[in-house]
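> Before I ask anything, let me first share the structure, which is written out below as structure tokens.
Residue numbers (the working numbering): 669 to 892.
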């Protein structure tokens with residue numbers, strides 16, 4: 669039996685803990701591509717080169733990591749804010765190669781919390797992000813996820829705390845939406861209704877498909 673190939677998207681706003689918490693949310697042997705870490709490594713490796721020039725090395729590294737995973741038939745994970753079309757471009761590429769695409773979203777209530785967490789990270793030596801970028805990534809990321817919920821084999825939503833707590837999950841094949849915590853405001857505001865609608869739509873389509881398959885074939889009468 670062929671191995672089931674999986675591509676994981678670890679998404680969420682800046683400061684949601686994608687790097688620190690995401691590792692625990694995918695299998696230990698899955699390689700996670702983190703563009704920020706790649707950029708930091710390039711800056712350390714080439715301190716005399718303008719960082720703006722080094723940014724071009726990130727997509728090159730991503731293409732190499734993607735191609736390696738595909739050619740070797742390995743699972744792969746990508747960390748993202750989901751605020752640009754790059755994420756779905758990558759998701760489509762993996763799906764075309766037979767991968768199941770799975771979403772893992774780490775949520776925060778608002779961009780103010782995201783900015784505060786980034787500020788704390790900077791004080792500890794981490795990388796900074798402009799405030800306008802934090803706000804853009806927060807809202808565009810939510811929009812990007814909502815617009816593509818039906819694409820993913822599974823959707824898993826976690827509340828970003830010290831330990832990620834599962835808020836809800838949806839398995840498209842099982843047509844099962846499970847909500848484990850009804851008190852999480854960001855999930856209720858941005859994703860709950862969309863997931864409920866998706867679950868209903870899939871059930872309706874499945875029911876129609878089943879009924880169509882069960883219809884008896886019409887017998888042809890004898891032509892006189």
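Where is the CB? At the ideal position from N, CA and C, for every residue including glycine.
Quick caveat, the model's predicted, so the values are computed rather than measured.
Is the distance from the Cβ of residue 770 to the Cβ of residue 675 below 8 Å?
For residue 770 and residue 675, yes; Cβs fall inside 8 Å.
> Does DSSP put residue 775 in a helix, in a strand, or in coil?
Correct three-state label for residue 775: strand.
> If distances are taken between C-alpha atoms only, which option among 839, 875, 876 comes closest to residue 864?
The option with the nearest alpha carbon to residue 864 is 839.
> Hey, out of 849, 868, 695, whose CA is closest to residue 842's CA?
The residue with the shortest Cα to Cα distance from residue 842 is 868.
> Roughly how many whole angstroms lie between the Cα atoms of residue 876 and residue 721?
The straight-line gap from Cα to Cα measures roughly 54 Å.
> Compute the distance between the beta-carbons of residue 677 and residue 746, then report whether it is under 8 Å.
Yes, the Cβ-Cβ distance between residue 677 and residue 746 is below 8 Å.
> Relative to the alpha-carbon of residue 759, which residue among 813, 828, 693 has its alpha-carbon at the smallest distance?
The option with the nearest alpha carbon to residue 759 is 813.
> Does the region 724 to 743 come within contact of the region 690 to 699, defined as at least 3 CB pairs closer than 8 Å?
Touching, yes, given that three or more Cβ pairs across the two stretches are closer than 8 Å.
> Go ahead and label residue 783 buried or exposed: buried means 16 or more other beta carbons lie within 10 angstroms of its beta carbon, across all protein chains shown.
With 16 or more other Cβ atoms within 10 Å, it is buried.
> Give the list of continuous beta strand (DSSP E) stretches no shorter than 3 residues that lie fully inside the region 738 to 800.
As far as the region 738 to 800 is concerned, its whole beta strand (DSSP E) runs of at least 3 residues are 744 to 748, 768 to 775.
> Which same chain residues end up closer than 6 Å to residue 719 when comparing Cβ atoms and leaving out the 5 residues on each side of it in sequence?
Closer than 6 Å at Cβ, skipping near neighbours: 711.
> Taking its Cβ as the centre, do 16 or more other Cβ atoms sit within 10 Å of residue 848, making it buried, or is it exposed?
So residue 848 counts as exposed.
> Look at the alpha carbon of residue 776 and the alpha carbon of residue 751, and state the distance between them as a whole number of angstroms.
If you take the alpha carbons of residue 776 and residue 751, they lie about 15 Å apart.
> If we count the other Cβ atoms within 10 Å of its Cβ and call it buried at 16 or more, is residue 805 buried or exposed?
With 16 or more Cβ atoms within 10 Å of its Cβ, residue 805 is classed as buried.
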